[in-house]
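Participant: Got a structure for you, written out below as C-alpha cells; questions coming shortly.
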Ligand SMILES: [Zn+2]
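Numbering (my numbering), first residue to last: 787 to 901.
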C-alpha cells in the first residue's frame, strides 16, 4: 500500500514516449484502414479468397493498433488523475522495468501474469 514514488519528471518522460507512440500508431492505423478500403473494390473470383484473407489480416492489425491506442489514452487519463504507475487491479505499484518496456501498462507484473 505504499505511495507511488513517481516523480513529475518521470511522468513527463513516459508521457513524451507515449505521445510519440500515439502519433506513430495513428499513422499506422490510417494506413492499414486505407488498405482495407481498397480491398473492398476487388472483384476477381480467384483473388477473392486471398483478398478476403488479406483484408482480415489488415483489419486484425488495425484492431490491435486501435486497442493499443485506447490503452495509451487510458495512460494519459491516469496521468491526469495522478494514478499513473498504479496497477488498476490491485492498486500496487507497477515496476519501472515494466513501464520502461510498456509505458501504457495498467497492470503490475503480478496481475499481468495472473491474466
Ligand atoms: Zn496488480
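Glycine included, C-beta positions come from ideal geometry on N, C-alpha and C.
Look at the alpha carbon of residue 793 and the alpha carbon of residue 837, and state the distance between them as a whole number of angstroms.
Facilitator: Their Cα atoms are separated by approximately 50 Å.
Participant: Alpha helix (DSSP H) containing residue 890: first to last residue?
Facilitator: No alpha helix (DSSP H) holds residue 890; DSSP gives it neither H nor E.
Participant: Mind the definition here: the region 854 to 874 touches the region 796 to 814 only if three or more C-beta pairs lie below 8 Å; say whether that holds.
Facilitator: The answer is yes - the region 796 to 814 touches the region 854 to 874, with three or more Cβ pairs under 8 Å.
Participant: Are residue 890 and residue 858 touching if we call contact CB-CB under 7 Å?
Facilitator: For residue 890 and residue 858, yes; Cβs fall inside 7 Å.
Participant: Just checking, does the region 796 to 804 make contact with the region 887 to 901 on the three C-beta pairs under 8 Å criterion?
Facilitator: As far as the Cβ criterion goes, the region 796 to 804 touches the region 887 to 901, which means the pair count is three or higher.
Participant: In three-state DSSP terms, what is residue 791?
Facilitator: Three-state result, residue 791: coil.
Participant: Going straight from the alpha carbon of residue 878 to that of residue 849, what length do you get?
Facilitator: Going by the C-alpha atoms only, they are around 29 Å apart.
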